[in-house]
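So the sequence shown is residues 1 to 536, counted in the UniProt record's numbering.
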Amino acid sequence: MVDIEKWTEARRFTPEKLAAARIILEEIKNGTDVFTAIRKNPMPEVGYLAKHTLVEAYRQLTTSGEWPTDKELLKKIRLKPVRTLSGVTTVTVLTGPHSCPGKCIFCPDDARLPKSYLYGEPGAMRGMQNNFDPYLQVSTRLEALDAVGHPIDKIELLILGGTFTAYDQEYQEWFIRRCFDAMNGFDAKTLEEAQLANEISDHRNVGLVIETRPDEITPAVLAYLRLLGVTKVQIGAQSLDDHLLTINKRGHTAGETLRAVCQLRAAGFKVVLHWMPNLLGATLLSDHEDFTRLWSGGYCPDEIKIYPTQLVENSELYTIWQQGKYQPYSTEELIQLIADLKTTIPRYCRVNRVIRDIPSTLIAAGNKRSSLRMDVQLELERRGQHCQCVRCREVRGEQVEAGELNFHDLSYTAPASQEHFLSFDTSNDKLAGYLRLSLPDLTQNEEIRQTMPDLKGAAIIREVHVFGQAQPVGGGETGAAQHSGLGTRLLLEAEKIALANGFKRLAVIAAVGTRQYYQKRGFARGTHYFVKELSD
């Protein structure tokens, strides 16, 4: 079991944290950028202080009368625009405690939580505080985001819980329906009713993400996920080396991961892979080699989460470590490794995370710094290098002029399809918007098209995304990338490419809250997708 006292200690606001936060707050008051001030003043072992720590320090200093109230300072440290600078607001919810088909030696096993999650992780704590009720989790999160100024009309719903498809289908449908109920503000009788209401809701779902295992993916499962409204699937690859998968008791092969990725892509889903360096049996060299297989081996994920193996007590790997048969990488080794890897990531892939947010007191050995991503970024700057992934190139809050953007078509080959990453970029190579177009090999993955007839003979739009601070539906700021017509322009470019390659139909995997957007642009409702017949 996880030591609750250790978790409490990690979250406790100590005099040392107050002293460190005071220094940062004083620099911010004197005009230093918030993130610059945080970077300049890390705490040993703890790393960079979180903004909630700065807020707590501010409250203590003003409540005691030591500092006067400063609304502008509070605004700077409370508001987190980065949460919505990707164009949507992400709301994360956790499914209830459940077993997993896997027996991975690195996974913690806490009966109070879904397999692989730890008491102490922020998402897990929010789930427990709401008794894993999907309605409460979504509604309380929306209230919290709204309270600090985030727009909450375009919601990407991220459902975590290990292996979502291992839950009973009745539970899956109920969980997602209740999430929609929270966004809609009323209780629907059926999932279909909740989805139809969400098409015109004040809080529309523009992306629905679940996580599962490669060996759980089948055409029938994917068809069911589409009926639920799922648009993106995270799968734990962990490694692409069958020997490492075996000794870490992962329970599937690299070949099964590749098959799952191919089927997901053929069905139009966005594909997110989890990859874990420092597994039992891995070395720094073998991790370098394994990472290259993501691209040379045909997996070509749209997004990736790099999760270095973290040694926690309630896992089989902890016992192996105690026996002297496993050694975690040091923080410096991880920084150097990930910095090396980030420079090799293709421009069409987004790096979502480089570490799990596990409190340092729960980690037995190895890296304990939760600020690893910032550490890697500083190392790249020191080297004079940079990462070209989608996240690092997002335009974020930068003002753009739609007429001055450059259009690019990055084409790459994946098993059973030709992929086109269409983008509009600024003159300094910032990404304002993109579209993922898949031209499938119609001689392969026939079972997918039989299960979901909307896809027969069709090219597939797997994602359309326009960046910049999330703007309200139907309006936005002058100079913002959103609502500047980039989405429509990208759709027209996709139609041209599909026609030029002999496709007479174009299907799009539409989230529930984007259905009317595509319908207004000539797409018709199918069973699982929106479809447009193309003509010259």
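Glycine included, every Cβ here is placed at the ideal spot set by N, Cα and C.
{"query": "Proximity test, Cβ basis, 8 Å: His465 and chain B", "result": "Judged by its chain identifiers, the structure shown contains no chain B, having just a single protein chain."}
{"query": "Environment of Asn198 [buried if 16+ CB atoms lie within 10 Å]", "result": "buried"}
{"query": "Inter-residue spacing [alpha-carbon to alpha-carbon] between Thr283 and His528", "result": "44 Å"}
{"query": "Pro134 to His98 span [Cα, whole Å]", "result": "15 Å"}
{"query": "Helix, strand or coil at Ala50 [DSSP, three-state]", "result": "coil"}
{"query": "Given Val55 as reference, the closest of Met43, Leu74, Ala510 once Cα atoms are compared", "result": "Leu74"}
{"query": "Leu368 in three-state terms, based on DSSP", "result": "Note that residue 368 is Lys in the sequence shown here, rather than Leu. In the structure shown, Lys368 sits in coil (DSSP, three-state: anything other than H, G, I, E or B)."}
{"query": "Any alpha helix (DSSP H) of 4 or more consecutive residues that is wholly inside the segment 402-469", "result": "446-451"}
{"query": "Collapsed DSSP secondary structure at Val2 in the structure displayed", "result": "For Val2, the predicted model reports a pLDDT of 38, less than 50, meaning its position is unreliable and no value from the coordinates is stated."}
{"query": "Distance, Phe424 Cα to Leu486 Cα", "result": "8 Å"}
{"query": "Residue(s) in a DSSP beta bridge with Ala507", "result": "Ile460, Val531"}
{"query": "Complete runs of the alpha helix (DSSP H) confined to the segment 205-238 [at least 4 residues]", "result": "219-228"}
{"query": "Proximal residues to Arg83 (C-beta, below 8 Å), its chain only, five neighbours per side dropped", "result": "Because Arg83 sits at a pLDDT of 48, beneath the cut-off of 50, its placement in the model cannot be relied upon, and the following sentence gives the value as read from the coordinates. Excluding positions up to five away in sequence, the list reads Thr89, Thr90, Leu145, His150."}
{"query": "At least 3 beta-carbon pairs within less than 8 Å: the segment 297-309 vs the segment 344-354", "result": "yes"}
{"query": "Contact between the segment 189-208 and the segment 113-125 (3+ Cβ pairs under 8 Å)", "result": "no"}
{"query": "Where the beta strand (DSSP E) containing Trp275 begins and where it ends", "result": "270-275"}
{"query": "Any 3 or more C-beta pairs closer than 8 Å across the segment 316-336 and the segment 354-373", "result": "yes"}
{"query": "Opening and closing residue of the beta strand (DSSP E) in which Lys154 lies", "result": "154-160"}
{"query": "Distance, Thr14 Cα to Gly261 Cα", "result": "It should be pointed out that residue 261 corresponds to Val in this sequence rather than to Gly. Spanning the two alpha carbons is a distance of roughly 46 Å."}
{"query": "C-alpha distance - His288 paired with Ser201, whole-angstrom precision", "result": "46 Å"}
{"query": "Per-residue DSSP class, three states only, for Lys342", "result": "helix"}
{"query": "Proximity to Leu439 [Cα-Cα], best of Lys430, Lys504, Leu380, Ser427", "result": "Lys504"}
{"query": "C-alpha gap between Val390 and Thr413, whole angstroms", "result": "18 Å"}
{"query": "When Leu380, Glu404, Tyr299 are compared against Ser427, the one with the closest alpha-carbon", "result": "Glu404"}
{"query": "Backbone secondary structure at Arg126 - three-state DSSP", "result": "helix"}
{"query": "Option in Val221, Val464, Ala267, Pro277 with minimal Cα separation from Asn248", "result": "Pro277"}
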